[in-house]
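Report on the structure given below.
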Amino acid sequence: MAGAKFYRPTFHWNEDAFDKLLAQPEVAAQAQDAAEEVSELVQAAWPADKRELTPDTAGFTHGSQTEVFNVEVGENRVGRQRAVLLINHPYAVAFEARLGAITNAIHAAGLQLNPPE
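Next up, the structure:
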């Protein structure tokens, strides 16, 4: 390929535009939709005998949380929209450790986990 010219791509980062994009209500809605999809996939594999929270559920402190699965939407410290799936059951750790079901549900929803830094 003699004489071919190769161009290096140039990226222009506009912090204000990025912040405005993340502040859009549509971004929060998409984050919530993704978290709810993951929640549905996890619940599909969740054992039937661990779907209820009772006063004798080991390791669970009853407060405002009355459901096993909750999706909370909000912003992180820098204003980026995020949605968090809360699994309010002590079995969740064993469930993930034994089956990797929560991680698999995230991947099945077409999402990626952030790599450790």
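For the sequence shown, numbering that gives the first Met the number 0 assigns the number 116 to the last residue and increments by one with no breaks.
Quick reminder that beta carbons are idealized off the backbone N, C-alpha and C, glycines included.
All figures in this text were calculated on a predicted structure; none of them were measured in a lab.
Proximal residues to residue i (C-beta, below 7 Å), its chain only, five neighbours per side dropped
i, result
"Arg79", "Leu21"
"Asp18", "Gly78"
Exposure of residue i, with buried meaning 16 or more beta-carbon neighbours within 10 Å
i, result
"Val92", "exposed"
"Phe68", "buried"
Any C-beta of chain D under 8 Å from that of residue i
i, result
"Val70", "Considering every chain present, this structure includes no chain D. It has just one protein chain."
Cβ neighbours of residue i in the same chain (closer than 6 Å, five flanking residues each side left out)
i, result
"Ala104", "Val37, Leu40, Val41"
"Ala44", "Ala100"
"Tyr90", "Lys49"
Closer than 7 Å: residue i CB and nearest the ligand MG heavy atom
i, result
"Val70", "In terms of ligand content, the structure shown is empty, and the ligand MG therefore cannot be addressed."
Backbone CA spacing between residue i and residue j [nearest angstrom]
i, j, result
"Ala28", "Leu110", "15 Å"
"Leu85", "Gln23", "24 Å"
"Asn87", "Asp48", "14 Å"
Residues near residue i by beta carbon distance below 8 Å, same chain, minus five either side
i, result
"Glu51", "Val67"
"Val70", "Gln31, Ala34, Glu35, Ser38, Ala82, Val83, Leu84, Leu85"
Please list the segments of the alpha helix (DSSP H) lying wholly inside the segment 73 to 115, counting only runs of 4 or more residues, in order along the chain. 90 to 98, 100 to 107
Is it true that the segment 80 to 88 meets the segment 10 to 19, where meeting means three or more beta-carbon pairs spaced less than 8 Å apart? no
Using 8 Å as the Cβ pair cut-off and three pairs as the minimum, do the segment 96 to 104 and the segment 15 to 35 touch? no
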